[in-house]
Amino acid sequence: MNIDDVRLSADLSKITIDDKKIDSYLTDMQDILKFIEQMNAIDTDNITPMAHPFDLSQRLREDKAVAQIDRQILQSNAKNIENGLFLVPKVIE
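Under the working numbering, the first residue of the sequence shown is numbered 22, with each subsequent residue one higher.
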């Protein structure tokens, strides 16, 4: 991990970073990667996977049809619309 990786990560995330703080960001990212390495080093072979520590069920609302909102109203504030779909900038290269 180096400064170029920090800049690339920021660019791919579509965030602007202050060059004065880039060394701090680099240190933070390196610390995060070290922590991930520590977690990966833990032996989990005899650990049963779980999705949640408690065996609870969700209280879900009844699934029923409701009146729809007009698409033009929903898209009235959108910058770019094509064929009724929102157009967004490409974020994955």
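From the three backbone atoms N, C-alpha and C, an ideal C-beta is built for every residue, glycine too. Note that the coordinates shown come from a computational prediction; the quantities given were computed from them, not determined experimentally.
- Shortest Cα-Cα distance from Leu106 to any of Asn98, Val112, Ile113 involves Asn98.
- Here DSSP, grouped into helix, strand and coil, assigns Leu81 to coil.
- In the three-state DSSP reduction, Leu108 falls in the coil class, being neither helix nor strand.
- Considered as a whole, the segment 50-105 harbours 92-95 as its complete alpha helix (DSSP H) runs of no fewer than 4 residues, in chain order.
- In the assembly as shown, Val109 is an exposed residue. Its beta-carbon has fewer than 16 other beta-carbons within 10 Å.
- Look at Thr37 here: in three-state DSSP terms it is coil, with no helix or strand label.
- Excluding its 5 nearest sequence neighbours in each direction, Glu103 has no C-beta neighbour in its own chain below 6 Å.
- Contact holds between the segment 22-29 and the segment 37-54, because three or more Cβ pairs, one in each stretch, are under 8 Å apart.
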